[in-house]
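Worksheet for the structure shown next.
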């Protein structure tokens, strides 16, 4: 600070604010600095592109969490069903009896049980036909099992592409919001 500036500041009259004016001045300073603004106030005062981008990000977030929780439930259920079927399969029970128990139930069969059911059903169907050797019967059962396996994988992977797309594009959408904001 130059000596001339110091001299001017020293000669300036000092005015005191009344005690009632101090909180009002603090509130005005906080409002001008942005302190005390809520997210709702920021959204309401933002431009339309920023509001749309934030809405898009919020929608993507909610959709992602819905998919994550559903996948968690589906995978847990698939693991439990696979463990239960595997214990019955390796318990030494007759495969015909295991097939009947899979088809007699009043529920949708999925996972390992569906793969077993498809293979056993196709093997039994081909076994009924005359003139087919064991290798042809086995190949038919394997084809049926592969087809069912592919359907089960598709069922388990449902919506994973959407989750990956949301996860990979959200940072760029947020960056656009930063530029507009």
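In our numbering, the protein residues as written are 1 to 181. For every residue, glycine included, the Cβ atom is placed at its ideal position computed from N, Cα and C. The model shown is predicted, which means the values in this text are computed figures rather than measured ones.
Inset, instruction - Report yes if the C-beta distance between residue 53 and residue 173 is below 8 Å; otherwise report no. - result: Along the chain shown, read from residue 1 onward, the residue named residue 53 stands at position 53. Along the chain shown, read from residue 1 onward, the residue named residue 173 stands at position 173. Result yes, Cβ atoms of residue 53 and residue 173 sit closer than 8 Å.
Inset, instruction - Answer yes or no: do residue 170 and residue 40 have a C-beta to C-beta separation smaller than 8 Å? - result: Here residue 170 corresponds to residue number 170 of the chain shown, with the count starting at 1. Here residue 40 corresponds to residue number 40 of the chain shown, with the count starting at 1. No, the pair does not count as a contact, with Cβ atoms beyond the cut-off.
Inset, instruction - Give the straight-line distance between the Cα atoms of residue 159 and residue 76, rounded to the nearest whole angstrom. - result: Counted from its first residue, the chain shown places residue 159 at position 159. Counted from its first residue, the chain shown places residue 76 at position 76. Taking the straight line joining both Cα atoms gives about 16 Å.
Inset, instruction - In the DSSP assignment, find the unbroken alpha helix (DSSP H) run with residue 45 in it and report its ends. - result: Stepping through the chain shown from its first residue, residue 45 is reached at position 45. Its alpha helix (DSSP H) spans residues 39-45.
Legend entry - Proximal residues to residue 98 (C-beta, below 7 Å), its chain only, five neighbours per side dropped: Taking the chain shown and counting its residues from 1, the one referred to as residue 98 is at position 98. In the same chain as residue 98, and ignoring 5 residues on each side of it, the C-beta atoms closer than 7 Å to its own belong to 88 and 89, in chain order.
Legend entry - Same chain only: Cβ atoms within 6 Å of residue 122, ignoring 5 sequence neighbours per side: Here residue 122 is taken as the residue at index 122 of the chain shown, counted from 1. Its chain contains 140, 141 and 144 as the residues whose beta carbon lies nearer than 6 Å to that of residue 122, once the 5 sequence neighbours on both sides are disregarded; these appear in chain order.
Inset, instruction - For the stretch 80-151, list the alpha helix (DSSP H) runs that are entirely contained and at least 4 residues long, ordered along the chain. - result: Assignment of alpha helix (DSSP H) within the stretch 80-151, counting only whole runs of 4 or more residues, yields 95-104 and 112-128 in chain order.
Legend entry - DSSP-derived helix/strand/coil call for residue 165: Here the question's residue 165 lines up with position 165 in the chain shown. Here DSSP, grouped into helix, strand and coil, assigns residue 165 to helix.
Inset, instruction - Confirm the yes/no value for this check: CB of residue 139, any heavy atom of the ligand GTP, distance under 7 Å. - result: No copy of the ligand GTP occurs in the structure displayed, which carries no ligand at all.
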